[in-house]
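What follows is one structure encoded as structure tokens, with my remarks underneath.
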Amino acid sequence: MEGAGIMAAIDYAPEHGVSAIVIKGIGDWGDGDKEATKKWKPFAARAAAHY
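In UniProt numbering, the protein residues as written are 1 to 51.
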């Protein structure tokens with residue numbers, strides 16, 4: 001959702017000539033079982049940051 005807001009803001013003001021791409025790391029499935037995927041959050045963040 002944050003990415004959609006960023007892209008909407010850029011699209012709203014084309015006179016600034018800004019181009020963007022949003023790359024997100026998935027650290028959990030949003031199923032309520034955060035503990036099972038907790039160890040993968042740092043990896044997902046680093047993987048997204050490399051782009």
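C-beta atoms are modelled at their ideal positions from N, C-alpha and C, and glycine is treated no differently.
Helix, strand or coil at residue i according to DSSP, with G and I counted as helix
i   : result
I21 : coil
W40 : helix
I10 : helix
G3  : helix
H50 : coil
Any C-beta of chain B under 8 Å from that of residue i
i   : result
D31 : In the displayed structure, chain B is absent; only one protein chain is listed.
Cβ-heavy atom distance, residue i to the ligand MG, below 7 Å
i   : result
I26 : This structure lacks the ligand MG, and indeed carries no ligand of any kind.
Contact under 8 Å by Cβ, residue i with residue j
i   : j   : result
V18 : M7  : no
G27 : W40 : yes
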